[in-house]
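First the structure, in the form of structure tokens, and then the observations on it.
Residue numbers (our numbering), protein chains in the order written: chain A, 1 to 418; chain B, 1 to 927.
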């Protein structure tokens with residue numbers, strides 16, 4: 001009986017990672033069909049497994065759908081190109097929100113010849129423990145992602161947490177209030193955030209909300225009483241009632257800069273909030289699909305269109321970008337290997353390849369470098385396997401995401417473009 | 001300074017108002033709970049969840065299908081009413097079952113409704129636009145609040161007044177009270193109890209739906225969120241004693257205000273205590289609950305009052321180990337572990353939960369303490385073990401031992417509320433404790449390792465690696481062995497004297513105390529053992545991971561655990577595996593996933609089908625599936641039992657009397673209830689071997705006097721002396737252990753125990769080591785030679801293995817007397833022993849009492865309306881009227897005492913021309 005709040009928190013903070021793995025739309029349970037549409041791309045497929053929650057009472061089903069589409073389009077594209085000289089197969093295993101199913105997925109990955117967990121290692125440690133495989137290009141939200149020596153995360157919610165202070169600084173403020181649901185996980189996040197903020201000369205207070213809070217009016221009133229210069233949010237599913245309560249107190253993002261992670265503000269949340277969400281800063285490590293000047297986004301939208309998926313960038317979220325970028329990033333890394341190594345790639349060689357890949361820069365995602373953890377200078381983060389310090393800020397504008405900064409180091413103030 | 005004060009008061013007032021608004025949300029649900037409880041005694045855990053269905057319908061019709069608001073609102077409320085009626089139909093079908101069974105049925109409804117909503121409307125939270133105006137306004141200077149909050153507060157207050165009026169000022173309210181009090185009597189008075197209940201459930205359903213419809217725009221339209229409002233609502237209803245609408249609303253508002261103000265002043269409190277604000281976060285949730293806990297516990301009573309009966313619980317098993325089925329089960333499980341490796345993980349969960357459910361069997365099934373915090377105790381044990389393993393690099397087994405011991409100690413603390421509360425109140429108190437554990441420990445990052453959890457080593461036993469991911473089958477085998485060991489331990493408890501005492505306490509606390517059983521001791525023992533067992537299960541489940549986390553030990557899981565226990569059989573250790581199988585992640589989930597690999601929402605569907613299954617089960621086998629197995633097993637003759645009977649019969653010839661002769665003296669005892677003197681300066685004494693009759697008309701104070709002597713009522717003045725020693729301040733248990741033992745007007749046998757066990761409860765020589773010994777070696781349950789002689793004297797041998805419910809009234813009376821006599825008394829207090837006996841039985845009883853007093857030198861005090869029995873049995877009679885002794889003498893003296901005759905017949909005493917009547921001619925009602 002895993003914890004409801006912990007589950008929700010975990011699900012939300014790693015949603016990018018989870019969705020990044022959802023590259024095969026028609027195969028929710030473990031399967032191993034080759035995804036190559038190029039008859040000339042022969043040879044034993046490179047097998048990976050994504051463990052993700054694909055069924056059950058999903059919080060944001062639309063995110064899953066768009067991520068599936070984007071991942072599928074990307075996989076078809078790289079296989080069509082046969083960039084590695086052999087097809088890539090990604091088995092997506094649905095843990096159904098059940099720790100035992102996650103363990104089963106892990107065992108299946110271990111037994112079916114997968115050389116790594118890819119994109120998402122799932123919400124439960126059982127999956128990663130049972131798989132006993134490296135994790136590559138994962139979302140950086142699980143204990144495995146952040147601590148296992150064979151884990152190479154492409155993003156991390158902790159980087160976004162750090163980026164909160166950079167956003168505060170960019171907005172010209174020197175203090176902020178971090179409002180967070182009260183759970184063991186989020187307390188770690190807030191503590192980290194406070195450590196980083198201190199280093200940047202920003203006073204970051206915390207206000208924890210009991211996880212079973214139903215009425216946010218007293219919370220909003222407390223926030224109003226404290227008159228914060230800026231407001232950071234780490235919430236779960238109740239973001240809409242929370243914003244309604246803030247609005248009732250007369251607090252809006254136009255007056256008080258509000259920042260949170262983009263994964264907490266899915267398109268359906270923006271739709272429900274309407275004007276109330278306008279101006280909210282969202283931190284992300286993937287460019288929004290509305291950023292049509294971005295060459296990576298342009299390529300993503302083209303591939304989506306080519307393979308018959310919805311390709312209106314204004315209607316998609318950065319979850320699409322995350323899912324689409326992963327197979328391409330994998331190719332970028334592995335293409336650096338000699339063909340003979342690619343032909344004989346196994347888990348150990350993959351780990352080696354990751355560690356030696358150096359800095360990978362793609363226009364649609366934050367650059368990363370698996371050579372060494374990204375935050376050796378911040379004690380509370382130094383031990384975590386986070387490989388990028390960069391994030392970007394997007395702003396909500398009439399129900400869509402508008403990029404307002406470039407990817408930049410989260411430990412320094414962002415340069416906002418508006 | 002003035003400005004500061006004004007600001008403070010404005011701010012405080014503002015948060016009071018906001019807190020009231022939050023409380024108003026809770027109050028709506030609480031009122032619905034109170035309505036159902038008032039009429040049926042059922043605690044409806046599903047109230048909020050069923051209301052949520054109405055809210056989903058309302059907003060779905062309005063926002064997705066374009067219905068006009070009034071129509072959509074009407075439809076939503078109608079659905080609420082329909083679900084209220086559905087609940088009624090369900091409860092009516094379960095009317096013959098225990099109250100606990102009906103409570104579990106509401107839990108099943110909660111689970112089914114929540115899961116169905118998840119399947120249909122997903123887990124997403126939407127916030128539909130409010131039906132009430134929700135613009136912010138400013139009142140009383142600078143207090144900003146939205147209009148809907150004020151309206152909500154108003155609605156709740158109006159509702160409380162309206163409900164108060166309806167239920168205390170109308171014929172319908174009167175009828176509801178009548179039905180709640182006694183359905184049969186209400187029916188005789190031409191009320192239609194079913195119709196009255198039907199209407200009440202419909203009103204409750206309407207209220208629940210209204211609550212959810214009004215709540216959804218504020219808290220979000222989401223099954224889980226709307227369902228969770230049940231927790232503070234229960235707390236408020238508890239304060240209102242499930243009967244007072246006004247108190248319930250006040251409590252709900254009060255809880256809201258306290259939480260609101262605490263959250264406001266949390267930073268100041270943190271400063272005051274020099275701790276971080278974050279470390280006090282759990283306080284806003286915990287403090288109101290702790291206040292309620294304290295108030296409830298202190299306003300409770302150490303033991304039920306006269307006439308206060310415990311609600312019936314499902315029958316417990318016998319604790320007999322059926323060797324062949326057990327062997328088959330163990331072999332089947334072992335084969336499953338070995339032959340189907342993919343089932344190992346699910347079996348680990350099943351066995352682990354089975355162990356935790358075994359703790360429910362001990363605490364609730366045997367001891368009758370309805371605890372909803374066993375899962376939290378499991379988590380606490382796991383936390384202690386993980387801390388030990390992490391901090392001291394302790395081996396797995398050492399961590400287990402420490403975790404179990406720590407949880408056992410905590411279990412004793414948790415038991416303290418159970419000393420003064422019971423039944424539904426205890427359920428809510430333990431639920432609150434569960435929430436407190438969660439808020440203060442499990443969600444506290446500094447205690448639980450935060451993001452990564454608490455790191456522990458991969459488990460090993462004596463160097464043997466049992467890592468659950470590397471070797472899931474090994475881990476499953478260890479879990480199976482642990483479950484088997486726990487099952488034997490629990491079965492031992494049941495078969496032993498400690499188990500009999502638990503069931504005696506669960507059956508009737510007063511009667512148990514009257515036999516010298518330490519009710520508190522039994523409860524503490526049950527909770528301690530239960531906590532230890534739960535901790536073992538929690539540790540084994542959590543140590544599968546090397547990063548131990550505790551988020552799963554939440555409140556709803558604690559509630560669901562009892563549901564699983566009821567499926568298997570609340571008092572049956574043999575049912576724990578079956579109960580555990582229904583849990584998410586257990587074997588049923590595994591099988592369902594294999595059978596339907598493409599099924600979405602497996603857990604939700606299993607929950608729905610489990611809930612339906614639970615309801616069916618409660619109808620057909622309210623004592624659990626295990627009771628059906630046992631029924632089957634009972635058809636097979638049990639050799640062991642026959643042996644025990646023969647062996648017992650063989651030793652019943654002993655003449656030796658184990659009893660100690662003592663003298664009882666009552667000196668100047670007075671008792672008042674309010675302004676009424678029930679006992680007024682009463683003095684008398686009873687010497688060893690003497691039989692003293694206590695007579696008097698109705699309300700003379702006879703039973704109160706017996707209550708004083710036996711310690712159940714404290715006198716305002718005077719003393720009770722045993723062999724010259726003042727025992728006035730002693731508890732009933734201590735007096736009983738010293739030889740002052742009583743029988744009861746209503747007999748009050750322990751109905752879940754056989755006649756033999758009823759006698760054994762009185763006959764057992766208990767000590768603290770005996771409780772511990774019972775865990776591993778309960779020994780054979782045989783009556784002492786003295787008890788066997790009593791059995792023969794009263795002709796009970798033929799019914800020794802029967803339950804009291806199968807006996808005639810006369811036989812029940814004899815068993816009650818036998819139980820009293822068997823408990824090694826020096827002073828026996830008999831309260832109407834002959835009531836309901838026929839003339840022959842009464843005559844037999846006379847000789848038994850006389851023989852018993854003479855042979856064993858026991859002093860007997862007897863209240864009886866059968867004057868023939870009194871006159872033939874007693875050496876002396878003490879007559880009471882209006883609490884005073886009006887006569888004290890031999891039967892002959894009292895028989896003709898003018899005052900006594902006057903007390904029975906009233907003024908004028910007699911016609912001087914007629915002969916003076918004697919008491920033998922008077923039909924005395926001494927009830």
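Backbone N, C-alpha and C fix where the C-beta goes; we use that ideal spot for every residue, glycine too.
DSSP on residue 118/B, reduced to helix/strand/coil?
In the second chain, the residue the question calls residue 118/B occupies position 118. DSSP places residue 118/B in helix when its eight states are reduced to three.
If you compare alpha carbons, which of 71/A, 120/A, 142/A and 159/A is closest to residue 368/A?
The sequence position of residue 368/A within the first chain is 368, counting from 1. Closest by alpha carbon: 159/A.
If you measure from the beta carbon of residue 445/B to each beta carbon in chain A, is any gap under 8 angstroms?
Residue 445/B sits at position 445 when you count from the first residue of the second chain. Yes, residue 445/B lies at the interface with chain A (some Cβ there is under 8 angstroms from its Cβ).
Below 8 angstroms on the Cβ atoms is my guess for residue 810/B versus residue 838/B; work out the distance and round it to an integer in Å.
By one-based count along the second chain, residue 810/B stands at place 810. By one-based count along the second chain, residue 838/B stands at place 838. Confirmed, Cβ separation roughly 6 angstroms.
So which of 762/B, 550/B, 846/B and 603/B has the shortest CA-CA distance to residue 538/B?
Numbered from its first residue, the second chain carries residue 538/B at position 538. Closest option to residue 538/B, Cα to Cα, is 550/B.
Where does residue 715/B sit, in a helix, a strand or coil, going by DSSP?
As a first step, residue 715/B is located in the second chain; it is residue number 715 there, counting from the start. Looking at residue 715/B - three-state DSSP - the assignment turns out to be coil, as it is neither helix nor strand.
Taking the straight line between their C-alpha atoms, what separation do you get for residue 84/A and residue 354/A?
For the purposes of this step, residue 84/A is identified with residue 84 of the first chain, where counting begins at 1. For the purposes of this step, residue 354/A is identified with residue 354 of the first chain, where counting begins at 1. Roughly 15 angstroms between the two C-alpha positions.
Could you give the distance in angstroms between the alpha-carbon of residue 531/B and the alpha-carbon of residue 376/A?
The sequence position of residue 531/B within the second chain is 531, counting from 1. The sequence position of residue 376/A within the first chain is 376, counting from 1. Approximately 44 angstroms between the Cα atoms of the pair.
Counting contacts by CB-CB distance shorter than 8 angstroms, is residue 182/A in contact with chain B?
Counting from one through the first chain, the residue named residue 182/A turns up at place 182. Cβ-Cβ to chain B under 8 angstroms: yes for residue 182/A.
With DSSP as the reference, identify every bridge partner of residue 403/A, one or two as the case may be.
Mapped onto the first chain, residue 403/A falls at position 403. Answer is 394/A.
In chain order, what residues of the same chain have a beta carbon less than 6 angstroms from the beta carbon of residue 30/B, not counting five sequence neighbours either side?
Locating residue 30/B in the second chain gives position 30, counting from the first residue. So the qualifying residues of the chain are 233, 236, 237, 248 and 252.
Is the Cβ-Cβ distance between residue 577/B and residue 873/B less than 8 angstroms?
The residue you call residue 577/B lines up with position 577 of the second chain. The residue you call residue 873/B lines up with position 873 of the second chain. Cβ atoms of residue 577/B and residue 873/B: not closer than 8 angstroms.
Can you give the Cα-Cα distance for residue 241/B and residue 51/B, rounded to whole angstroms?
Taking the first residue of the second chain as position 1, residue 241/B is located at position 241. Taking the first residue of the second chain as position 1, residue 51/B is located at position 51. Roughly 22 angstroms between the two C-alpha positions.
Inspect the beta-carbon positions of residue 679/B and residue 708/B and report whether they are closer than 8 angstroms.
On the second chain, position 679 is the one that residue 679/B refers to. On the second chain, position 708 is the one that residue 708/B refers to. For residue 679/B and residue 708/B, yes; Cβs fall inside 8 angstroms.
Report the neighbours of residue 278/A on chain B: residues whose CB is nearer than 9 angstroms to its CB, in chain order.
Residue mapping note: residue 278/A aligns to position 278 of the first chain, counting from 1. Here the premise fails: no neighbours, minimum Cβ distance about 17 angstroms.
Are three or more beta carbon pairs between the stretch 194-210 of chain B and the stretch 173-181 of chain B nearer than 8 angstroms?
Short answer: they touch.
At a Cβ cut of 8 angstroms, what residues of the stretch 564-593 of chain B count as close to chain A, listed as they run along the chain?
Those residues of the stretch 564-593 of chain B that come within reach of chain A (Cβ to Cβ, closer than 8 angstroms) are 583, 584, 585, 589, 590 and 593.
Should residue 60/A be flagged as near chain B, meaning a C-beta pair shorter than 8 angstroms?
Sequence index remark: in the first chain, residue 60/A carries index 60 (1-based). It does; some Cβ of chain B falls within 8 angstroms.
Determine contact between the stretch 869-888 of chain B and the stretch 711-720 of chain B, defined as no fewer than three beta-carbon pairs at a distance below 8 angstroms.
Cβ pair count under 8 angstroms is below three, so no.
Strictly below 9 angstroms CB to CB, what residues from chain A border residue 25/B?
Residue numbering aside, residue 25/B sits at position 25 when the second chain is read from its first letter. Under the 9 angstroms cutoff, chain A gives 214 and 215.
Where does residue 461/B sit, in a helix, a strand or coil, going by DSSP?
Stepping through the second chain from its first residue, residue 461/B is reached at position 461. Note: residue 461/B maps to strand in three-state DSSP.
Inspect the beta-carbon positions of residue 161/A and residue 144/A and report whether they are closer than 8 angstroms.
The sequence position of residue 161/A within the first chain is 161, counting from 1. The sequence position of residue 144/A within the first chain is 144, counting from 1. Taking 8 angstroms as the Cβ cut-off, residue 161/A and residue 144/A do not qualify as a contacting pair.
Between residue 53/A and chain B, is any beta-carbon pair separated by less than 8 angstroms?
Within the first chain, the letter at position 53 stands for residue 53/A. So, not an interface residue.
Against chain B, which members of the stretch 186-206 of chain A pass a CB distance test of less than 7 angstroms?
Within the stretch 186-206 of chain A, the qualifying residues are 187, 188 and 206.
Can you have a look at residue 83/B and say buried or exposed, based on whether 16 or more other CB atoms are within 10 angstroms of its CB?
Numbered from its first residue, the second chain carries residue 83/B at position 83. Residue 83/B should be labelled buried.
Does residue 228/A pass the burial test, meaning 16 or more other C-beta atoms within 10 Å, or should it be called exposed?
The residue given as residue 228/A occupies position 228 in the first chain. Flag for residue 228/A reads buried.
Which bits of chain A does residue 545/B rub up against, with CB to CB less than 8 angstroms?
Position 545 of the second chain, counted from the start, is the residue given in the question as residue 545/B. In chain order: 125, 126 and 129.
In angstroms, rounded to a whole number, what distance separates the CA positions of residue 243/B and residue 805/B?
Taking the first residue of the second chain as 1, we reach residue 243/B at position 243. Taking the first residue of the second chain as 1, we reach residue 805/B at position 805. So the alpha carbons of these two residues sit roughly 32 angstroms apart.
Reducing DSSP to helix, strand and coil, say where residue 665/B ends up.
For the purposes of this step, residue 665/B is taken as residue 665 along the second chain, with counting starting at 1. Three-state result, residue 665/B: strand.
Under three-state DSSP, which class holds residue 135/A?
If you number the first chain from 1, residue 135/A lands on position 135. Of the three classes helix, strand and coil, the one that applies to residue 135/A here is strand, per DSSP.
In this structure, how does DSSP classify residue 211/A when only helix, strand and coil are distinguished?
To locate residue 211/A, count along the first chain from 1; it is residue 211. Residue 211/A falls in the coil class under three-state DSSP.
Who are the Cβ neighbours of residue 79/B in its own chain at under 7 angstroms, not counting the five residues just before and after it?
Numbered from its first residue, the second chain carries residue 79/B at position 79. Once the five neighbours on either side are set aside, the close Cβ partners of residue 79/B are 53, 54, 57 and 209.
Do residue 112/A and residue 91/A count as a contact pair if the criterion is CB distance below 8 angstroms?
Against the first chain, residue 91/A aligns to sequence position 91. Against the first chain, residue 112/A aligns to sequence position 112. Yes, these two residues count as a Cβ contact at 8 angstroms.
For residue 765/B, count neighbouring Cβ atoms within 10 angstroms of its own Cβ and tell me buried if that reaches 16, exposed if not.
Indexing the second chain from 1 puts residue 765/B at position 765. Answer is exposed; the Cβ neighbour count stays below 16.
So which residues on chain B does residue 237/A lean against when the C-beta distance must stay under 9 angstroms?
Here residue 237/A refers to the residue found at position 237 when the first chain is read from its first residue. Within 9 angstroms Cβ-Cβ: 123, 124, 125, 220, 222, 224 and 225.
Skipping 5 residues on each side, what residues in its chain have a beta carbon closer than 7 angstroms to that of residue 129/B?
One-based indexing of the second chain puts residue 129/B at position 129. Hits under 7 angstroms: 217.
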